[in-house]
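For the sequence shown, this note's numbering assigns the number 5 to the initial residue and increments by one for each residue that follows.
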Amino acid sequence: MNICIINGSPRRNGNTAEVLKPFCARLLELGTELDEIFLMDYTVSPCLGCYTCQNIQDKYGCVQQDDAWKVWNRAGRADLLVLATPIYSWYCTSHMKALLDRHYGLNKYYGTAEGQLIPKLRVALLTTHGYKADYANDPFETGIQRLCRHCHWDYLGLYSVRDIDGLPDMQTPEAIEGAEKFAEELMEKMNVSRETF
Ligand SMILES: Cc1cc2nc3c(=O)[nH]c(=O)nc-3n(C[C@H](O)[C@H](O)[C@H](O)COP(=O)(O)O)c2cc1C
C-alpha cells in the first residue's frame, strides 16, 4: 500500500512535521510504503483562472509549467493521500491552497474536454493549530470534504494537535499515541474500503 503525504507547512521541522513522525513511523510498521512531499521544495503557483485546462483532453493541460502536475501525479498514484498542514486563517497554508486550487486540471468539468485524471483517491487530513480543535479545523475539514465530493474521492478523516507551547505539545504521549492510532484507523478503513473502492 502506497501512501503519499504532503506537508504544506513552510517550517520543515515545525509542529506539523513533528506530528508526522509517529504517524509515519506507525504506517511503516504496518507495512505501507511512504511517498513524502515537503511542498515548499516544489514550485506550485496559484491558479490563474484561465480555464485552459478545461479544453485539453487527457492531459493536465495547465498553462503554468511548474511542479503542480508532478505533485498531483504522485498523489494520484497513491492508495491514500494525506494532506498535512498547519491551519492558517481557518484553512490550510497558501502553499497547500495553491495545490488544491490546481486540482482544476484534473477534472474536465467546465469546457470541451471530459473526464478525470485522478478518478479515485482516498484523502485524510493531519493538522496542527493554535485554537481548540473543532473551532480551528471545521472550515478546512468542511472544504476538503466538499472538494472530495466534487472530485468523487473518498474522505477518510482528520487527526490534529493543538499548539500552545510549540514542539513540546507535539511530543506529549497523548499527541504521539493519537497520531499512531490515527495511522491504524486509516489502515483499517483502507482495508474495509479496498473491497468497495
Ligand atoms: C500566518 C499564520 C496563521 C495562523 N492561523 C491560525 C488559525 O487560523 N487558526 C489556528 O488555530 N492557528 C493558526 N495559526 C497557528 C498555527 O496553525 C500553528 O502554530 C501550527 O502548529 C504551526 O505549524 P508548523 O510549525 O508546522 O508550521 C496560524 C499561524 C500562522 C503563522
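Don't be surprised by glycine CBs; every beta carbon is placed ideally from N, CA and C.
Since the structure is predicted, the reported quantities are computational estimates derived from the model, not experimental observations.
Three-state secondary structure (DSSP) of Ser196: Counted from its first residue, the sequence shown places residue 196 at position 192. It is Val, not Ser, that sits at residue 196 in the sequence shown. Of the three classes helix, strand and coil, the one that applies to Val196 here is helix, per DSSP.
Relative to the C-alpha of Ala102, which residue among Val23, Tyr159 and Pro50 is closest? The residue given as residue 102 occupies position 98 in the sequence shown. Comparing Cα-Cα distances from Ala102 to each of Val23, Tyr159 and Pro50, the minimum goes to Pro50.
Can you check whether the CB of Thr97 is closer than 7 Å to the CB of Gly182? Here residue 182 corresponds to residue number 178 of the sequence shown, with the count starting at 1. Here residue 97 corresponds to residue number 93 of the sequence shown, with the count starting at 1. Cβ distance not < 7 Å, so Gly182 and Thr97 don't count as in contact.
If contact is defined by three or more beta carbon pairs under 8 Å, each pair taking one atom from either stretch, is the region 128-146 in contact with the region 71-79? Contact fails: fewer than three Cβ-Cβ distances are below 8 Å.
Please decide whether Val48 counts as near chain B, where near means a Cβ-Cβ distance under 7 Å. Among the protein chains of the structure shown there is no chain B, as only one such chain exists.
Would you mind sorting Asp167 into buried or exposed? The rule is 16 or more other CB atoms within 10 Å of its CB. By 1-based counting over the sequence shown, the position of residue 167 is 163. Burial call: buried.
Taking buried to mean at least 16 other C-beta atoms within 10 Å of its own C-beta, is Thr131 buried or exposed? For the purposes of this step, residue 131 is identified with residue 127 of the sequence shown, where counting begins at 1. Thr131 is buried by the Cβ-count criterion.
For His99, does the count of other Cβ atoms within 10 angstroms reach 16, so buried, or fall short, so exposed? The residue given as residue 99 occupies position 95 in the sequence shown. His99 is buried by the Cβ-count criterion.
Can the beta-carbon of Cys57 be found closer than 7 Å to that of Gly119? If you number the sequence shown from 1, residue 57 lands on position 53. If you number the sequence shown from 1, residue 119 lands on position 115. Not closer than 7 Å, so no.
If we call anything under 7 Å between Cβ atoms a contact, is Pro26 one with Glu145? Walking along the sequence shown from the start, residue 26 turns up at place 22. Walking along the sequence shown from the start, residue 145 turns up at place 141. No, the Cβ-Cβ distance between Pro26 and Glu145 is not below 7 Å.
For Gly18, tell me which candidate among Asn111, Ile91 and Val127 has the shortest Cα-Cα distance. The residue labelled residue 18 in the question sits at position 14 within the sequence shown. Per the Cα distances, Ile91.
Please list, in chain order, all residues of the same chain as Thr116 whose beta carbon is under 6 Å from its beta carbon, the five residues on each side excluded. Locating residue 116 in the sequence shown gives position 112, counting from the first residue. Same-chain partners within the cutoff: Asn59.
If we ignore side chains and look at the alpha-carbon of each, how far apart do Glu188 and Leu121 end up? For the purposes of this step, residue 188 is identified with residue 184 of the sequence shown, where counting begins at 1. For the purposes of this step, residue 121 is identified with residue 117 of the sequence shown, where counting begins at 1. Those two C-alpha atoms are separated by around 29 Å.
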